[in-house]
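Under full-length UniProt numbering, residues 1 to 312 are what the sequence shown spells out, in order. Here a beta-carbon is modelled for each residue, glycine too, at the ideal position from N, C-alpha and C. Keep in mind the model is a prediction, meaning the values are calculated, not measured.
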Amino acid sequence: MGSLGAQHPQTLPIWHYDTVKRQWRSQDPTAHHYKKPKVQRFLRAITYNIWFNKEHQQLRFQSLSPLLQQSKAHIICLQEVTKSILEQLISQPWVQQHYFVSDIDGSTFLNGQESYGVVMLIDKSLYLRRLLSFPYHTEQGRQLLFAEIQLKTEKLLVGTVHLESKRDKETIRSHQLQTCQSVFNRYAMNRPNVTRLLMGDFNFDSEWAENGKQMNILKHWTDLWPKLNGPNSRGSTFKNGRLDRIMFQSLRVTPIKMRIIGNIPIGQFPKPKSFSENLLSIFSFYKKTPRVSPVFPSDHFGLMADFDLSRV
1 MGSLGAQHPQ TLPIWHYDTV KRQWRSQDPT AHHYKKPKVQ RFLRAITYNI
51 WFNKEHQQLR FQSLSPLLQQ SKAHIICLQE VTKSILEQLI SQPWVQQHYF
101 VSDIDGSTFL NGQESYGVVM LIDKSLYLRR LLSFPYHTEQ GRQLLFAEIQ
151 LKTEKLLVGT VHLESKRDKE TIRSHQLQTC QSVFNRYAMN RPNVTRLLMG
201 DFNFDSEWAE NGKQMNILKH WTDLWPKLNG PNSRGSTFKN GRLDRIMFQS
251 LRVTPIKMRI IGNIPIGQFP KPKSFSENLL SIFSFYKKTP RVSPVFPSDH
301 FGLMADFDLS RV
C-alpha cells in the first residue's frame, strides 16, 4: 500500500526566473546550461513548516523571507506553503536571482490550489537533474517531493515531506515512510557515491512510542539532530516536541552542524480572552494587565544543517 505511489512519479517542471522577460519559465533539466557540476565544498539545507494559518501571516512572511535569504542555504524545503505565500515568495528578488523553484502557482498541491503543499528551492549553482513528486497513501493530500542533484561525482537525492497529521495516523505515516524508502532505494541504485537527505515535518515526536517503529523503517539513516547535538538535546520544533527532522545517509558527505531557526519572537500580541475572562471584565472594576503572547515566523521552528563536501 505504501509503495503504490512510488510506481507513478510525476515529473515536475523546474522553474527559473527569466530576467529579460521578467517572468518565471519552466525549464527542461536535460537542457541545463551547466555541462559539468560546479565544484561545491560546502552545502547548507533548511527544512521549515511555515504554517498555512492566516494569523499575522503578512508580519510572519516579512520576517521569514529575510531569514531564508540571509541563510544562503543551497536547498530550502518548505511545508504548508499556501498559494498566497508562494506568490509572495517567488516575487522576492533573492529567490528570482538565486533559486530554481518546484512550483509557482500551487499546481502541485494535491488538494487544489486553495490548500497548501510542499515546495523546494534549489540554488542555481547546483546541477539539478530532475524534480519529481510521488503521491502516496494519504487522507490529507500529502506527497513526497524529490530532487536529484549532481555534485561532481556524488549523486545527491533530496526529499521533503509533510507526513500525515494527527496522533492517530501512525499507520498512514508508516506507509508514507515506506514509500520514501522505496523511492530513495530506486534512485540510489545501490551505488556507493550517493547521498540521501529526507527532511520535513514528520508529525511524530522523537519521544513517542511511535518513533521506534518509524525509525526502524529508516534504520540505515541517521537522525541528524541527536547525532550533531547529542542525545540529551531536546531539539523541539513544535510545542515542545521534535516533529521536524533531517534524515541523512552518506559515505562521503559529512554533516558538520545543525541548529534551530525561527525561534526568536518577531512581536507580541494580546491573547484572546476566554468566555469566563470576558464575563469577569464586565462585572468587575478591576482592570487586569492584558496577557500577551509572542509571535514567531511560524508555529514550527525550522532546521538548518551544514555539510562538508570536501571528500566528494
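For residue i and residue j, what's the separation of their Cα atoms in angstroms?
i    : j    : result
G117 : L163 : 11 Å
K124 : I90  : 14 Å
F248 : H175 : 19 Å
S165 : N203 : 6 Å
S71  : L64  : 11 Å
I50  : P297 : 7 Å
I217 : L126 : 30 Å
G230 : L303 : 15 Å
L12  : P294 : 38 Å
A147 : C180 : 12 Å
Q40  : I149 : 12 Å
H16  : P226 : 36 Å
Checking the sheet assignment: what are the DSSP bridge partners for residue i?
i    : result
N193 : According to DSSP, N193 bridges with nothing at all.
T82  : Y116
Y127 : Q150
I90  : Per DSSP, none; premise fails for I90.
R245 : G200
V158 : A147, L197
R44  : D306
V292 : P270
Using 8 Å for Cβ pairs, my map puts residue i next to residue j. What's the rounded Cβ distance?
i    : j    : result
L43  : I266 : Not quite, the Cβ-Cβ distance comes to about 28 Å (not below 8 Å), so this is no contact.
F301 : I246 : About 13 Å; that fails the 8 Å criterion.
I104 : H137 : About 27 Å separates the two Cβ atoms, so there is no contact after all.
Residue i: which of the options sits nearest, CA to CA?
i   : options                : result
Q79 : D201, F269, A305, W208 : D201
V20 : G159, Q96, L67         : Q96
Measure from the C-beta of residue i to each C-beta in chain E and report whether the shortest distance is under 7 Å.
i    : result
M120 : Absent from the structure is chain E; it holds one protein chain and no more.
What does the Cβ neighbour count give for residue i, buried or exposed, with the cut at 16 atoms within 10 Å?
i    : result
T153 : exposed
A305 : buried
R311 : exposed
A45  : buried
V292 : exposed
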